[in-house]
Every structure is written in structure tokens, then in C-alpha cells.
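Here's the structure, in C-alpha cells; my notes come after.
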Amino acid sequence: MSTKPKATPQPPEELRIGVFICNCGSNIAGHLDCKAVTEYAAELPDVVFTKENLYTCSEAGIAEIKKAITENNLNRVLVASCSPRTHQPLFASSCAEVGLNPYLFEMVNIRDQCSWVHMQEWDRATAKAKDLVRMGVAKASFLEPQQDIESSLNHRTMVIGGGVAGLSAAESMAGMGLEVVLVEREEALGGLARRLNRLAPENDPAAERIATLIGELEAQPNVTVYTGAEISSMDGYIGNFDANIRTREGAAVQEKIGGIVVATGAVPLNPSGLYGYDGQKVITQLELEERLRDDTCQAKRVVMIQCVGARSEERPYCSRICCMTAVKNAVLIKQHDPEAEVHVLYRDMQMYGPQRERMLEDARGQGIRFDVYNADQPPQVQPETVEYYQAIMGETRRIPYDLVVLSTPLVARDDVVALSQLLRVPIDQNGFFLEAHAKLRPLDFATDGIFVCGSARYPATVAEARSQGIGAAARLASLLFKDKLVTSALIAEINPDTCVGCMGCLDVCPFGAISYDPQKRICEVNQILCKGCGNCASTCPSQSARLKGFKPQQLLAQVRAA
Amino acid sequence: MLDVGRHPNISLMAYSEVEQVTGEAGDYTVTVRRKTRYVEEDKCTGCGACTEKCPTVVPDAFNEGQSYRRAIYSYFAQGIPSTHTIDPDYCRQLNGKKCGICQKTCQADAINFDKKDQLLELNVGAIVVATGYDVFDPSQIPEYRYRDLPNVVTAIEFERLLSASGPTGGHLDRPSDRRIEAEIAELEKKAKRSQKALDKFEKTHAQSTAEFYEAYQKGQVGDDPELQKWAAKYEDHLNISGPLEKLRQKAAGFSTAKRLAFIQCVGSRDFRFYPYCSGYCCMHSIKEAIIAHEHEPATTSTIFGMDIRAVGKGFEEYKIRGGNHSNMRYQRSRVAEITRGPDDNPVIVYEDTREQKVKSEEFDLVILATACVPAESSGHLAELLAIERDDFGFFKTDPVQPLDSTREGIFICGCAHSPMDIPESVAQASSAAARAVQVITSKTAPSGAKLRKAS
């Protein structure tokens, strides 16, 4: 604690540090001696002003900080109180209001990290608070003024994928006044839903729903749609992406956009080799949809098998929508031909939510048979019958069939890896795009300015895809409704004079913010992409990469004071 | 919450209710009652000194009544805003008694007993309804004997028991044991008081109570009323300390709950109550079982359900992981009843459909995965907003516009819409925001006009 540093670098200017010690009512003052800490702070080098406050965050406390800065010409302010997470922005902006650069504010936490954890130890808690304050003052001495980084925002947006999710995102953004570029790989809009018959639980024709969505989009004046087109390259970052689109004619079109919504959907698994799939007598649920839509389904005895190629070792996830689809189609077959016999063999009927459970009850009421099978004893499709073990009766049964329908999961598209690399966004172990946070940011990527919705994220119903598409639109719009992008100045910088271009920092940057310039043979930080995590600074062998606000001299001053 | 509380474009009106809505999409006038907290919001710093001193003890609704708070309180520790509130139903001062301790304690001078409700009129273009849901009250199901059997709890009660900030600090102390411990504490208080009285007698008469009582029983002390009183006090004391000792012996054998049973579809998928599936309960039971196991590796969990519905992203994988690593067993069944076993252990009677046998199994604690039901206030709110509800009582939406209510400019998201989990609620909330912006954009700008020009 008292070992003297060998050569303490000197701060550049005359320092005038103000220290504010907060009582937080009795939260701090009840467990340690705030008066003693304040008196101690006054003795520290370059501290010209100290004040103990009942509540530094109260209006009176803030007024005292401002007054002290003005009257005492303070050029560094330290508040010793609670969590920077909750109060740092308040104190820093208060400093800025009276002309002190907010990056010259420093905070130490003597509540959560001191008084609260040392409640019965008055003397030791007081000593620790003194240590923390001394360390804070040491770091404050080396703080440098910084300017927030401002960058331009292009208010044009791009939606990749023209299925239900993409159409909804595009229509919603256009409806909010943003310009939209929609890129669809197929010749027509509508995605997977174009191949569907009717939509549960309302049973309205899918074609009509798609037509409505496309109609709504076309009614918007500020939408450009490219069909039969693909993204060939994507550069840039939030606010300023440069996209290259390869059009149907093979031409390359450039689009400058501010943000991206990924709505590339998913495809049903082809069950070749499973349960005797032949596309004739043993077909997929999607093929049944098409037969029902075209009124070519004549089968009298239908057996549906759920979880075909899903919830298995190879593909552990549940595809969410197939149970509902099976029930919907079973009922449609029954409605078309009340004499038809329909059996559904399932593992768990995933009829979540109010409407779906009712569909299941209705289906049972119409005489559709539901029987559970165990994953370790799957049904066997024989030439004339489907054989399965009926657990409740404890016997093996055979159901004769005209048609076997396999419910296969939605799986990620083949080209998802290529697209994820193009956009520099992650995918999960099942090939679906991976959101920033499973619960709190389900439509965001960790990469700023790019969002995800619909079955590209995870299998979704038409209503869910629509809802998510509109949600992704809101996420992107809330960024682009601003005139410019303002980000914190506390980011990394690489000294071009000392960088040897070893590229060690490239691998550790989780945000893809560092690039190598082969001409200059050095690494460079993109100011907008950098989030200030400090990985590069702690990796760089030549100490060329530095994190502003946490430079070695600042941290070492703090450590030496400990 | 913090982000919402600090956002420059959001005025947060907690502890407030909507009273009236007039106008139309793009131009609604909303009357909001800001209920008085009896605490000045701009002065209160949320330090909690008042709560420490308040003498009035009130069941803590946040902990599902499993612990106590004071009449001046903050609903929960991380609540935004952190402003404290006086509960007018319990506060002594507000009920005409002498108190005002919080006012004297508050160093920020924030307590104001005269503060009244405020009515505010807001002009808004669109309204988003995100009023959530209620938890089904399982005491309506006779066979589960909730409230009758102390060790049958709801999922949300269990959630509080598991929480480090909950009534048991995260330890799975059984409610029956906690009751006995509370009884012991109560008796100890009484015993202390009566011991004090006995001490006084001993001092005055310079004799130990035991000696005195022996003499008293032999009829050697005469009929001095003072001594009669002493004897009576001692008998009272014995009546306390005897049962106290017994309870203490019993409590010495208490251990935390380790054999857990989760019953799914409590009130859901049940034609007597709510026919629909609540969607999220399978996952929360699995989560609770995994956390309980992380907390105490000797914990075993059995989940009794019809189907285990793990339909969200990563859910099936989570379910399998729980089964493999957390001593968890999935039992396909519908539970017939819960009975009382020895030591207040609940016993579950169910049919094992795989073995075609009726079985019964004893547990330490049973957790009921209660249904997600429409909020009790939703009928009133529907009238106020002039929007319709569906057959179940959730706010009705359009299948083509899944966020739109039956009235233009009013949008629904989260469990006010239908039962759903957190990711879906969060996604829907964003969607509802987009729909609201679309209304405002189209109503305030000429058709087709752009808010922003492409640069």
C-alpha cells in the first residue's frame, strides 16, 4: 500500500480536484465514518475542495457540485457514493452543465462495494473507503478530456427476405416514414407462406393474407423492391452500410443504408430416408398443404407422424409450428370428408396459447385420434400400415393408411452461413441467427444496426413472424429517428507509430471493430464499432492499443495508490 | 427498468391509473390519476431509512405474503423509481393514530401526509396496453388442497423462496417448518416476558422460583396473594416453555425441501377453469427445478404434466439438459389429488400411463404451475378504452394485425394479448411501439409523407 512508485509520471496541468463524499442517508454513513473519509480526502495531493453530502444525487447535492466547480475552478471531480451504473451519467452530465468536460469526472463506489458489505466493521469499512477514495483521486489526476463521437446516419433501411416477416418489417418501416430497400431472392414475394393452404387458427387462405401484406407494402411510396436478387457484399457499420445487390439480370446495384433487418426465413426439412418418405404415399406436411390447397388430396385414411427429424440427437430443437399445422390439416381433411380417418402420432402436442389448445380440443371432438409415442419407440411405416406402441393400453397397434404425412421441422437455409459471414453476425448450433440476448433483446444482433425476425431467428407462425417483423422495424427505426449517432468516447485507439501490424488484436475483438491496413501495415480501430471492452489494449504486445479513460498510466496510478 | 426511468423521452408515471380516455386515434385525451405516495417524489432519494424505523408490519405482497414489510415501503429493492410509498391502509398516522416516525426520520424531508392524488390530462396519439396478467388462484381446485396443505405452493411463491432476496434468502425452507419457527419465535418472546416477571419475584423474595413452587405445591406458602400470583405466573410460564421445548426439538430435525414435485396445467387445459395452454409454465417449472438443484445438489424434481411444451428457442435443449444434469424426471400424467402424509409431506396420487398403474409418491414440497389468466382489471380497462376482449378475457386483436386492438390507435402486447414468455413479450412490445409510431406518423403528417429523407 505504501510502496513508492519508482517514477511517477506527472499529470500535464495544474490539478484542482474536488471530492464529494456521499452519506446516502444512513446507507453509507451508518456503517463507516464519512466525516473521517472527507477529512482524509482533503489531505490528498491536488485535492482543493471536499464536501460531505447527505445525498449527493439530490437536487441540493448536484447544485453543490456545480457551485464548487465554478467557485473553486475545479478541473477534476470525484464522487464517492453508489454504483456508477445508476449514477455516473447524472454526475457526469451535471459537470458538463457548468462547462467541465464530463470525461473528467470519476466515481468510486463506497456503498455497494464497501458500506453494504462491511456493515458490522466500522473501522475497517472506513479504512477501505479511504483507500478507494485515494485510488479514485489518483486515477482522476490522469483523466483526459474527451469528445463524444458523432457520426452520420443514413436513413435508408434494408430488409433481406420478402416473406411474412420481411414484408411486415418493410411495411412498418415505410409506414414510419423511412425509406426501405427490400431484397428477395425468389422471383415473387411471400416466402414460405406462398406454399401454404390456409392459416390457423382462422383458416383464411394464406394467399389472401400474403396478397394483403404485399398490397400494404406496395401502397407505401418509399419502398424499393428487388426480387430475384441477392446480397453480394456488405461493408460498413451502423448508420453507414454499403450493400451490393446482384439483380435478376446479373447487374450489380449499390445501396447505401443505415440499418438492416434480416428476415430470410427457414425451409422445411426434406425427410429423405425417414419413415419411407417417397413424396407420393408418404409425404411432408408442406406437400399436404399444397394438395389441400389444390384440392388433390383424396386420402381416406391418413396417419400423421410428428417430430420427424426433430427433437432428435442430430436436431435437438422443437420446431414450434408443426403440431399446430398437423391439427389444422387434420381438421381440414375431416371437414372435406367427414368419413376420413385421421390419426396423429405425437410426442408432446405443442399447442401453446389460447387459440391452439381450442383447435386441439375441436379436432378431438371431430374424431381425430391422437396417440402418444415415445422417442425410443418411434412408429414404423410398413407398406400398408403404420405400426406403433400404444402406451396406455400397453400394446402394439397397426393403422392402415392411404397417406402418411410427416411433420418435419423448419431448418436453417443452406446459405445461412454465407450470409452470416457477409453481415458478420452469429448463428447458433442449429443454424438459426443468434440474437443479442435470448430474453431481453430477441430481435437485435450484438452488432449494432442489424436486426432479425421470423423463422430466420427460430421457427415462427405467420402471426408471430408478422409481429416480429414489425418489432424489428421498431428497433431499427428507433436508431434512425435520430439525426446523428452519438457514442461514448471511451473506446480503443491504436498508435500508428508504434503498431507493428501483428494483428493480435484482430482475434480478440468481439465486435469486428479492428481492421488491418495492408498498405500502412498497421491495425486500425473503427470508432463506431468499438465498444470499449479493452481486449485489444490488454493483448497488444507493443502497447500501441490503448483504451481511452483506462490507459495504463491512469490504471497504474490507481493501482499504485492502492 | 433503469433505461426506461432515465430515457429523456419517457415520463414514467408509476403508482398511477388511467381514469378516462376520450378522442380518437392520433388525438386521445387520457386522464391519469397519480395516486399519492404521501412521499414527495422529487425529494425522496430511496435511502430506506424510513422503512427501518416504521413500526407497522404488513404482509409483503412482493414476496407473496411469505414475509413482512413496513407500512412505508418500496415495492421491491431494484424498483424504478426508487421512491418510497406509504400504504394508506396500514399507516398509523393516516389512520388517525399518533405516529409520524418516518417524517421525523426522513433526512430529505420527503414525507408529506397531506399530499393528495393528482389528476393529469395527457394528449397522446396512440395507446399501448401492456397490463399483463394475473396468476390463477389454485384454491379453486379442491383436489390439490392448496392453502389446506402448507407445503403446496404456487410457482410464484416458490420463485420467491428460491430468490436470494426472498423471504428465506434462497433456502428452500418448507412453509410448514417456517410456521413452526414463527410459532417458536412468538413463544420465545412470551417466555422471555414471563421469565422477566419471575426474575422480579425471585429478587423480591430472595428465593428461586423452583424452590418456591415446590413449597407452594406442598401447601407451605400460605395464602399471601402476592405469592399466589407468583405461583400463577410460574404455571403460565410452564404452559409456554413446555410446548416451546417440544417445538424446538421438532425444529432441530428440520431440513430444507429436497424432494420437489411440480404439477403442470394448474387451472390451464382444464375445462372447469381455463381450457387453454398458458404456454410458459413448462419452462418455468424446468427452470425452477434446475435452479433448486444448482442451489442444493441433493434436490430431486419430478414434473407431472400432460405434454411438456418446450417450444421456444433453446427450450427443448434446456429441458433435456435439465433431465440429464439436474436430477429431474418428467412424468406424463394428470395428478388425481394431493393428500397429507406424515410430517406435513404432501403425497401425490397419479396414474402412471406407461405402467398403467395408480401410484402415490411422497414429496417435501409441491409446486403448482398456475395458469396465466386475464388480469382482473381487464374488464374495467376494456370498458374505459372501449376495446373488446376475446372469449377468454384477453384483449382482442386482429389476426392480420396481431398488435391492433378493436379500436384504432390502441395496441396490445404481452400477456394482456395472450399468455406468452419473455422473449415473445419483448418482441411484441417493440412491434406495438412500431404500430403506435405508424399511427402518429400517418395522423400527423400528410399521407405518404416521409419523416426522414434519405441522405
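Protein sequence lines, in the order shown, are assigned to chains A and B.
The letter at position 369 of the first sequence is residue 446 when you use this note's numbering, and the numbering goes up by one with no holes.
The letter at position 120 of the second sequence is residue 249 when you use this note's numbering, and the numbering goes up by one with no holes.
No residue lacks a Cβ here, since even glycine has one placed at the ideal position from N, Cα and C.
Since the model is a prediction, treat every value here as computed from it, not as a measurement.
Any idea what DSSP makes of A:THR524, helix, strand or coil?
Position 447 of the first sequence holds residue 524 of chain A. Residue state, collapsed to three classes: coil.
Using 8 Å as the threshold, is the segment 597-604 of chain A in touch with the segment 573-589 of chain A, meaning 3 or more CB pairs across them?
yes
For A:LEU520, go through chain B and note every residue whose CB falls closer than 7 Å to its CB, in chain order.
Position 443 of the first sequence, counted from the start, is the residue given in the question as residue 520 of chain A. What A:LEU520 touches in chain B: ALA556, SER559.
Near-chain B residues of the segment 88-114 of chain A (beta-carbon distance less than 9 Å), N- to C-terminal order
ASN100, CYS101, GLY102, SER103, ASN104, GLY107
CA nearest to the CA of A:ALA251, picked from A:LEU624, A:ARG598, A:ALA551:
Mapped onto the first sequence, residue 251 of chain A falls at position 174. Nearest C-alpha to A:ALA251: A:ALA551.
How close, in whole Å, do the beta carbons of A:VAL408 and A:LEU480 come, if the pair is a contact with beta carbons under 8 Å?
The count along the first sequence starts at 1 and reaches residue 408 of chain A at position 331. The count along the first sequence starts at 1 and reaches residue 480 of chain A at position 403. With 8 Å as the limit, A:VAL408 and A:LEU480 do not qualify as a contact, their Cβ atoms being about 16 Å apart.
A:TYR450 at chain B interface by Cβ criterion, 7 Å:
To locate residue 450 of chain A, count along the first sequence from 1; it is residue 373. No - not a single Cβ of chain B is within 7 Å of the one on A:TYR450.
Which residue wins for smallest C-alpha separation from A:GLN620, given the options A:ASP594, A:GLY578, A:LYS516, A:ILE237?
Walking along the first sequence from the start, residue 620 of chain A turns up at place 543. Closest by alpha carbon: A:GLY578.
In terms of residue numbering, what span does the beta strand (DSSP E) encompassing B:ILE415 cover?
On the second sequence, residue 415 of chain B is found 286 positions in, with the first residue counted as 1. Careful: B:ILE415 lies outside any beta strand (DSSP E), inside the alpha helix (DSSP H) at 410-424.
Interface residues of the segment 463-495 of chain A facing chain E [CB-CB below 9 Å]:
This model lacks chain E altogether, as its protein chains are A and B.
Between A:ILE547 and chain B, is the shortest Cβ-Cβ distance under 7 Å, so that the two count as touching?
Counting from 1 along the first sequence, the entry for residue 547 of chain A is found at position 470. Judged by the 7 Å Cβ criterion, A:ILE547 is in contact with chain B.
With a floor of 4 residues, list each alpha helix (DSSP H) that falls wholly inside the segment 256-317 of chain A, ordered by position along the chain.
Counting whole runs of 4 or more residues, the segment 256-317 of chain A contains the alpha helix (DSSP H) stretches 283-295.
Could you tell me which residues DSSP pairs with A:GLY430 in its beta bridges?
Here residue 430 of chain A corresponds to residue number 353 of the first sequence, with the count starting at 1. DSSP lists B:CYS406 as partners of A:GLY430.
Enumerate in chain order the residues of its own chain whose CB-to-CB distance from A:ALA566 is below 7 Å, with the five nearest sequence positions on each side excluded.
Locating residue 566 of chain A in the first sequence gives position 489, where the first residue counts as 1. Once the five neighbours on either side are set aside, the close Cβ partners of A:ALA566 are TYR180, GLN223, GLN224, ASP225, ILE226, LYS625.
Tell me whether A:HIS420 sits in a helix, a strand or coil according to DSSP, three-state version.
By 1-based counting over the first sequence, the position of residue 420 of chain A is 343. The answer is strand: DSSP assigns A:HIS420 an E or B state.
Does the beta-carbon of B:VAL464 have 16 or more other beta-carbons within 10 angstroms, so that it is buried, or is it exposed?
The sequence position of residue 464 of chain B within the second sequence is 335, counting from 1. By the 10 Å Cβ count, B:VAL464 comes out buried.
Rounded to a whole number of angstroms, what is the C-alpha to C-alpha distance between A:GLU129 and A:ASN231?
Position 52 of the first sequence, counted from the start, is the residue given in the question as residue 129 of chain A. Position 154 of the first sequence, counted from the start, is the residue given in the question as residue 231 of chain A. Looking at the two C-alpha atoms, the distance is approximately 48 Å.
Does the beta-carbon distance from A:LEU483 to A:TYR394 come in below 7 Å?
As a position in the first sequence, residue 483 of chain A is number 406, starting the count at 1. As a position in the first sequence, residue 394 of chain A is number 317, starting the count at 1. In this structure, A:TYR394 does not lie closer than 7 Å to A:LEU483 by Cβ.
Quick one: measure Cβ to Cβ for B:CYS231 and B:ILE240, integer angstroms, because I've assumed they're closer than 8 Å.
For the purposes of this step, residue 231 of chain B is taken as residue 102 along the second sequence, with counting starting at 1. For the purposes of this step, residue 240 of chain B is taken as residue 111 along the second sequence, with counting starting at 1. The Cβ separation is near 5 Å, so the contact holds.
B:LYS387 in three-state terms, based on DSSP:
For the purposes of this step, residue 387 of chain B is taken as residue 258 along the second sequence, with counting starting at 1. Residue state, collapsed to three classes: coil.
Given that a residue counts as buried once 16 or more other Cβ atoms are within 10 Å of its Cβ, and exposed if not, what is B:SER534?
Along the second sequence, read from residue 1 onward, the residue named residue 534 of chain B stands at position 405. Buried, because 16 or more other Cβ atoms sit within 10 Å of the Cβ of B:SER534.
If you drop the 5 nearest sequence neighbours on each side, which residues of the same chain put their C-beta closer than 8 Å to that of B:SER507?
Walking along the second sequence from the start, residue 507 of chain B turns up at place 378. The answer, listed in chain order, is THR260, ARG518, GLY522, PHE523, PHE524, ALA545.
For chain B, find out if any of its Cβ atoms is closer than 7 Å to the Cβ of A:GLN224; answer yes or no.
On the first sequence, position 147 is the one that residue 224 of chain A refers to. No, no contact with chain B.
Sorted by chain position, which residues of the same chain lie with C-beta nearer than 6 Å to B:ILE392's C-beta, five sequence neighbours on each side aside?
Taking the first residue of the second sequence as position 1, residue 392 of chain B is located at position 263. Cβ neighbours of B:ILE392 beyond the five flanking positions: PHE433, VAL464, LEU497.
Per-residue contacts from A:SER497 into chain B (C-beta, under 7 Å):
Reading the first sequence from its first residue, position 420 is the one you call residue 497 of chain A. The contacting residues do not exist; A:SER497 stays about 16 Å from chain B at best.
So is B:ALA561 buried or exposed if we call it buried at 16+ other beta carbons inside 10 Å?
Your numbering for residue 561 of chain B matches position 432 in the second sequence. Around the C-beta of B:ALA561, 16 or more other C-beta atoms lie within 10 Å, and the residue is accordingly described as buried.
Where A:ARG388 falls, given that 16 or more other Cβ within 10 Å makes a residue buried:
For this step, residue 388 of chain A is matched to residue 311 along the first sequence. By the 10 Å Cβ count, A:ARG388 comes out buried.
Applying a beta-carbon distance threshold of less than 7 Å, which residues of chain B neighbour A:ARG378?
Locating residue 378 of chain A in the first sequence gives position 301, where the first residue counts as 1. Going along chain B, no residue has its Cβ under 7 Å from A:ARG378, so there is no contact; the nearest lies around 25 Å.
Using 7 Å as the limit for Cβ to Cβ distance, is B:VAL478 near chain A?
Residue mapping note: residue 478 of chain B aligns to position 349 of the second sequence, counting from 1. B:VAL478 has a beta carbon lying at 7 Å or more from every beta carbon in chain A.
Where do the N-terminal and C-terminal ends of the beta strand (DSSP E) with B:ARG162 fall, by residue?
The residue given as residue 162 of chain B occupies position 33 in the second sequence. B:ARG162 -> beta strand (DSSP E) spans 156-163.
Neighbour list for A:ARG388 in chain B, Cβ cutoff strictly below 7 Å
Reading the first sequence from its first residue, position 311 is the one you call residue 388 of chain A. Result: GLU445.
Under 8 Å (Cβ pairs) to chain A, residues found in the segment 423-448 of chain B
ASP436, ILE437, ARG438, ALA439, VAL440, GLY441, LYS442, GLY443, PHE444, GLU445, GLU446
Can you check which of these residues, B:PHE205, B:CYS176, B:CYS183, B:ARG564, is closest to B:PHE191 by C-alpha distance?
Residue mapping note: residue 191 of chain B aligns to position 62 of the second sequence, counting from 1. Cα-wise, what sits closest to B:PHE191 is B:PHE205.
C-beta neighbour in chain A for B:ALA596, strict 7 Å
Within the shown structure, residues of chain B are numbered from 130 to 584, placing residue 596 of chain B beyond reach of any answer.
Among the residues of its own chain, which have a CB less than 6 Å from the CB of A:VAL302, if the five just before and after it don't count?
Position 225 of the first sequence, counted from the first residue, corresponds to residue 302 of chain A. These residues qualify, in order along the chain: LEU259.
Under the rule that 16 or more other beta-carbon atoms within 10 Å means buried, what is A:MET470, buried or exposed?
Indexing the first sequence from 1 puts residue 470 of chain A at position 393. Counting Cβ neighbours within 10 Å, A:MET470 comes out exposed, since fewer than 16 surround it.
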